[in-house]
Amino acid sequence: MFHAHLKKEQCSAIVDWLHSRNLEFYLESNTGLYASEHFEEAGEPVMQKYMQRKGNGQENIHIRAQYPDMVFGENLYREDVNKISFILNSYADVTAAAQFFPDLKISTWGGKGETALFGDIGIQDIDKATAISLLLKYLHMEQKDTIAFGDAAVDIPMLEYCALGIAMASGGKEIKAMADDITAAVNEDGLYKAFLKYNLL
Numbered sequence: 008m009f010h011a012h013l014k015k016e017q018c019s020a021i022v023d024w025l026h027s028r029n030l031e032f033y034l035e036s037n038t039g040l041y042a043s044e045h046f047e048e049a050g051e052p053v054m055q056k057y058m059q060r061k062g063n064g065q066e067n068i069h070i071r072a073q074y075p076d077m078v079f080g081e082n083l084y085r086e087d088v089n090k091i092s093f094i095l096n097s098y099a100d101v102t103a104a105a106q107f108f109p110d111l112k113i114s115t116w117g118g119k120g121e122t123a124l125f126g127d128i129g130i131q132d133i134d135k136a137t138a139i140s141l142l143l144k145y146l147h148m149e150q151k152d153t154i155a156f157g158d159a160a161v162d163i164p165m166l167e168y169c170a171l172g173i174a175m176a177s178g179g180k181e182i183k184a185m186a187d188d189i190t191a192a193v194n195e196d197g198l199y200k201a202f203l204k205y206n207l208l
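Position in the sequence shown (first residue = 1) + 7 = my numbering.
This is the structure we're talking about:
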């Protein structure tokens with residue numbers, strides 16, 4: 008229906024830039040997640056912190072368990088990449104990425120502002136709200152019939168666009184503040200409870 012992805016030369020430039028700054032990362036593609044050389048070991052303490060912030064702390068986080076389909080040891084210069092997520096050493100990495108790639112969209116996740124754990128680099132003007140708009144046109148459906156669920160800042164445009172925006176209780180303060188409603192956390196049957204509340208079952 009619609010697929011926009013980074014050009015191979017863009018992907019290659021981003022990979023080289025991340026390597027030059029010793030930042031570990033993974034490529035997000037429709038064919039899978041492709042990890043950088045040391046993402047597995049570098050990512051585990053970061054994912055541990057991320058899960059703790061979401062109220063889901065575990066003793067030991069293993070990247071291969073969190074991302075069972077992640078691919079290791081593959082060529083990272085690809086032409087099918089939607090976006091690239093990378094571990095932040097500091098918020099300065101976000102600023103540097105924005106300066107180095109002014110034509111691309113730079114955002115963060117895993118925390119607000121300087122507490123963010125990850126940065127990501129993708130195509131400008133592509134977000135979840137855009138995807139829903141395109142899907143509605145394809146299905147000949149209307150915006151008034153849409154409901155969105157989210158738990159992160161990246162989901163805010165989607166919740167703003169849809170007729171009803173529901174945040175998960177495990178989400179950040181920013182998304183909960185703007186949502187029309189808040190349901191229980193994902194691991195507390197939040198989706199199921201909201202589906203019942205809004206007669207979706």
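By construction, the Cβ of each residue, glycine as well, lies at the ideal position given by its N, Cα and C atoms.
Open item on the list: Just to confirm the assignment, what range does the alpha helix (DSSP H) spanning methionine 54 have?
Closed with: For methionine 54, the uninterrupted alpha helix (DSSP H) segment begins and ends at 46-60.
Task: Rounded straight-line distance, which links the Cα of lysine 61 to that of lysine 180 - done: Looking at the backbone, the Cα of lysine 180 and that of lysine 61 are separated by about 11 Å.
TODO: Tell me, please, whether the CB atom of asparagine 37 is closer than 8 Å to any CB atom in chain D?
DONE: The chain inventory of the structure shown lacks chain D, comprising one protein chain alone.
TODO: For serine 114, collect the residues of the same chain with a Cβ closer than 6 Å to its Cβ; drop the 5 residues on either side in sequence, then sort them by chain order.
DONE: Apart from the 5 residues on each side of it in sequence, serine 114 sits with its Cβ closer than 6 Å to the Cβ of Asp127 in its chain, given in chain order.
- [ ] Using alpha carbons as the reference points, say which of Tyr57, Cys169, Leu40, Val161 lies closest to asparagine 89.
- [x] Nearest to asparagine 89 by alpha-carbon distance, out of Tyr57, Cys169, Leu40, Val161, is Leu40.
Task: Contact set for methionine 165: own chain, Cβ-Cβ below 7 Å, skip 5 residues either direction - done: A distance below 7 Å between beta-carbons, with the five flanking residues on each side excluded, links methionine 165 to the following residues of its chain, in chain order: Lys135, Ala136, Ile139, Ala155, Gly157.
Task: Sequence-distant residues of its chain with Cβ nearer than 7 Å to alanine 11 (five each side left out) - done: Around alanine 11: Ile130, Ile133.
TODO: Sort out for me which residues DSSP pairs aspartate 188 with in a bridge.
DONE: Residue pairing by DSSP places aspartate 188 opposite Ile173 in a beta bridge.
- [ ] Given a cut-off of 8 Å, decide if threonine 190 and lysine 183 are closer than it, judged by their beta-carbon atoms.
- [x] Not a contact, by the Cβ cut-off of 8 Å.
TODO: Take the Cβ of aspartate 100 as the centre, count every other Cβ of all protein chains shown within 10 Å, and call the residue buried at 16 or more, exposed below.
DONE: Buried is the call here.
Open item on the list: With a threshold of 6 Å on Cβ separation, who are the neighbours of glycine 50 within its own chain once the five nearest residues in sequence on each side are excluded?
Closed with: Listed in chain order, the non-local C-beta contacts of glycine 50 below 6 Å within the same chain comprise Ile70, local neighbours out to five positions each way being set aside.
Open item on the list: Please report the distance separating the alpha-carbon of alanine 72 from that of alanine 186.
Closed with: One C-alpha to the other measures close to 31 Å.
Task: tyrosine 168 burial status per 10 Å Cβ neighbour count (16 or more: buried) - done: Using a 10 angstroms sphere on the CB of tyrosine 168, the tally of other CB atoms reaches 16 or more, which defines it as buried.
Task: Which listed residue (Ala160, Gln106, Met175, Leu142) has its alpha carbon closest to that of aspartate 152 - done: Nearest option by C-alpha distance: Leu142.
Open item on the list: Which residue marks the beginning of the alpha helix (DSSP H) containing threonine 115, and which one marks its end?
Closed with: Counting along the chain, threonine 115 sits inside no alpha helix (DSSP H); it lies in the beta strand (DSSP E) bounded by residues 111-116.
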